[in-house]
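Report on the structure given below.
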Amino acid sequence: MDPAVSTYLATSDLFRKTTEGLPWAERVRISYAKAEAVVHAYNLTAEDILTLSNKYWAFHSDPVLVLDGSVGTLLTIHYNLCCGTLAMFAIGRPDLRRLLDDLLSYRVSGQFCLTEVGHGLDAINLETTATKLSDGRFLLRTPHEASAKFMPPTAPCGIPCIAIVFARLIVSDEDRGVRPFVVSLHDGTTMNEGVVCRLIPPRGGAHPVDHALTYFHGVYLPPTALLGTETLSEDNRADFFYYISRVISGTLSMGAFALSAMRIASCVAGRYSLRREVMDSSKRILRPIASFSTQYLPILTAIAEVKVMQAFSHVSHARFTESSNSLFYKHFVAALFKITIMHHATGTLRILGDRCGAQGLLEINQLTVLEANIRGAAIAEGDVLGISIRFAVEILLGRVAPPAALDSTSVLAKHEQGLVDHFRTQILDSGHRAAHIETVLLPHYQHLMEAIGHRCAYDAALELGVDSRIIDLYVAAAMSSDEAWYVEHQKIPQMRLKRGLIDAATALYPFLGELLDGLKADAYVTAPIVSDDQWNSFVQSLPTPGHAVCRARHDNGGKRFEETGGFVKALS
């Protein structure tokens with residue numbers, strides 16, 4: 001899509017309206033209106049979604065989705081999970097094509113009900129059942145509280161809503177494994193018979209989404225509700241992963257959300273730090289806080305991570321959409337990208353917020369809410385720790401291999417190989433299911449995957465010609481995440497590691513303003529702390545409870561003054 005359209009959305013009254021003080025239900029309603037605006041702007045097709053086309057990847061990479069994180073949540077479920085799953089089965093199904101058309105135009109909202117309260121990462125063991133009846137229909141049931149579907153926002157939202165609901169298919173008392181079913185949830189205002197939605201409290205600090213628990217108390221479904229076959233499979237596990245395969249593309253998409261959040265947060269913290277001045281105690285002149293190494297180091301590190309991750313995002317998308325790659329390898333590609341960028345984003349968003357002091361705590365200044373939203377994204381569509389464990393074991397057992405290093409002599413490649421060799425020796429000596437292996441190695445698997453991701457991201461930056469000064473800072477920051485290894489195995493003194501990081505950032509400091517411009521994120525910044533004008537406008541909009549506004553004009557020694565709400569200004 002034309003970037004100008006995204007900028008138009010981000011700067012429109014709908015997206016710029018301050019909603020922090022509005023009632024929760026009104027904020028939710030506005031989020032659905034924003035989601036509809038984005039849908040009409042992108043006009044994605046089923047083919048875009050199925051193939052993860054460049055247009056679709058541009059959609060998921062659009063910062064407008066994290067400008068209001070609830071919009072990103074609603075639309076990644078709607079497009080990727082719901083529409084994507086339907087599109088997998090739409091060939092030869094005119095009824096599904098009609099439903100897809102309604103979803104793609106947002107006449108109908110789409111949801112995806114997979115995980116349950118009692119079954120998160122082990123969703124393959126979910127307990128919701130869909131029993132085939134003698135007349136060909138299915139009876140959908142939630143057998144007990146722990147099998148309630150967890151998190152998707154299934155409450156009435158003003159437009160009709162359907163969901164892809166995963167349930168155990170029961171035919172003639174035989175469990176034939178987990179299958180997806182199309183289920184109508186509500187008409188926009190009233191839940192359908194047998195469908196019960198209980199709203200759960202909001203996520204702390206995140207943009208408002210009406211997350212819910214969803215129950216099915218004897219819901220009758222037509223035979224056409226089943227997606228897939230009734231036949232008992234020879235490999236239920238393989239079938240399960242095929243049916244939920246849109247979660248795998250969602251893993252990649254969550255990484256794109258994190259990249260957008262880092263762009264916006266870096267811009268907010270950078271602009272604020274250049275604007276905010278303090279008195280230099282030695283020279284007695286004002287200087288921007290950005291000029292202190294404690295400030296420019298995390299900001300420039302964040303910018304370097306954004307630039308390198310943009311390259312890694314491009315390369316990961318290309319690998320994911322390569323038709324010759326298996327679904328398993330695509331999942332590995334998506335997982336590696338998500339693990340790596342979430343490692344950067346979760347740490348970066350927190351420290352950038354800290355570097356903006358008390359003002360960084362305000363929701364209106366975006367940093368805390370971006371952090372809260374990305375905490376959710378790190379769990380959604382493949383919890384980072386869970387996918388780290390899965391693929392670390394596969395790597396150590398030789399079942400999957402990361403892309404070969406462009407330069408096996410680079411420090412990040414040496415770090416990666418050193419960790420792989422160390423853990424592989426232990427796992428092969430004892431077997432990966434040994435009790436002590438689980439105890440000793442499990443806590444290290446995420447760190448191993450991050451090390452592999454650092455090297456792959458570095459290679460992507462080299463391949464796509466990212467500025468060498470940016471790459472140098474990225475490498476120095478990556479090395480700082482495991483200083484002990486470099487001291488022990490590469491004999492690099494710790495203070496030299498620390499000095500290398502600060503030197504790389506210091507070399508870039510003179511270009512901070514230029515680098516902030518290069519993020520192209522200002523259109524998505526609503527935080528008033530980035531400029532004096534925006535801050536003053538924000539302050540004037542604040543309520544003054546318990547005080548009557550005083551507007552009195554008076555003379556003092558021949559000068560006229562006006563007093564408004566306690567502030568005095570001279571009149572010309």
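All residue numbers for the sequence shown refer to UniProt numbering, where the first residue is 1 and numbers rise by one.
Glycine included, each C-beta is placed from N, C-alpha and C at the ideal position.
In this text, all values refer to a predicted model and were calculated from it rather than measured experimentally.
Taking the alpha helix (DSSP H) that M309 belongs to, which residues open and close that run?
293-320
Between the stretch 338-349 and the stretch 254-272, do at least 3 Cβ pairs fall closer than 8 Å?
yes
Spell out a yes or no on whether the stretch 85-99 and the stretch 229-238 are touching, meaning 3 or more CB-CB pairs, one atom from each, closer than 8 Å.
no
Under 8 Å between the Cβ atoms of A155 and C113?
no
Count the other CB atoms within 10 Å of the CB of C550; is the residue buried (16 or more) or exposed (fewer)?
Confidence at C550 is low in this model, with a pLDDT of 49, below 50, so its placement is unreliable and the value that follows should be read with caution. Answer is exposed; the Cβ neighbour count stays below 16.
Might you give, ordered along the chain, the residues of its own chain that have their beta carbon closer than 8 Å to the beta carbon of G500, omitting 5 neighbours on each side?
A476, M479
Pull up the distance between the alpha-carbon of T564 and that of F216, whole angstroms please.
Low local confidence applies: a pLDDT of 49 at T564 is under 50, so the model's placement there is unreliable, with the coordinate-based value given in what follows. Computed Cα separation, rounded: 59 Å.
In terms of residues, what are the limits of the beta strand (DSSP E) holding I176?
Correcting the residue identity first, residue 176 is Arg in this sequence and not Ile. It spans 174-186 - the beta strand (DSSP E) in which R176 sits, taken as one unbroken run.
By Cβ distance below 6 Å, which residues in the same chain neighbour F538 in space, the five residues on each side in sequence not counted?
P528
Cβ-based neighbour list, L442, same chain, cut-off 8 Å, excluding 5 preceding and 5 following
I389
Member of Y296, M262, S260 whose CA lies at the smallest distance from the CA of R276
Y296
Just to check my reading of the structure: V195 and V219 have Cβ atoms closer than 8 Å, yes? What is that Cβ distance to the nearest angstrom?
6 Å
To which residues does DSSP link P202 through a beta bridge?
P202 pairs with nothing; no bridge assigned.
By a C-beta neighbour count over all protein chains shown, 10 Å radius and 16 as the cutoff for buried, is E416 buried or exposed?
buried
Does the pairing of the stretch 280-297 with the stretch 310-324 give three or more beta-carbon distances under 8 Å?
no
So, are the CB atoms of L221 and L140 less than 8 Å apart?
yes
Sub-8 Å separation of R455 and A504 beta-carbons:
no
CA nearest to the CA of L419, picked from F181, G398, L397, H447
H447
Compute the Euclidean distance between the alpha carbons of D239 and I124, then round it to the nearest angstrom.
10 Å
Take the Cβ of K17 as the centre, count every other Cβ of all protein chains shown within 10 Å, and call the residue buried at 16 or more, exposed below.
exposed
Terminal residues of the alpha helix (DSSP H) in which L140 lies:
Segment 138-141 is the beta strand (DSSP E) holding L140; no alpha helix (DSSP H) there.
Would DSSP call R16 helix, strand or coil?
helix
Tell me, to the nearest whole angstrom, how far the beta carbon of F312 is from that of A457; I am working on the premise that it is less than 8 Å.
4 Å
Just to confirm before moving on: does the CB-CB distance between S266 and L464 stay below 8 Å?
no
Would you list the one or two residues that DSSP bridges to A212?
M151, L199
Quick one: Cα of L199 to Cα of E20, how far?
20 Å
According to DSSP, which residues form a beta bridge with H217?
R141
Which first and last residues belong to the beta strand (DSSP E) in which V278 is found?
277-279
Between A206, R203, G205, S184, which lies nearest to C197 when the distance is taken from Cα to Cα?
S184
Looking at the secondary structure, which residues open and close the beta strand (DSSP E) in which Q366 lies?
That residue, Q366, is in no beta strand (DSSP E); it is neither H nor E in DSSP.
Assuming P143 and T129 make a contact with CB atoms under 8 Å, what is their CB distance in whole Å?
6 Å
Can you name, in chain order, every residue of its own chain whose Cβ lies under 8 Å from the Cβ of A485, other than the five neighbours on each side?
First, the residue type needs correcting, since residue 485 is Trp and not Ala in the sequence shown. Excluding residues within five positions, the ones whose Cβ falls inside 8 Å are H415, G418, L419.
If you drop the 5 nearest sequence neighbours on each side, which residues of the same chain put their C-beta closer than 6 Å to that of P160?
V108, D187, G188
CB-CB length for F138 against L226, believed under 8 Å
7 Å
Going by the DSSP bridge assignment, what does L226 pair with across the sheet?
F181
Give a yes or no on whether the C-beta atoms belonging to I364 and A521 are separated by under 8 Å.
no
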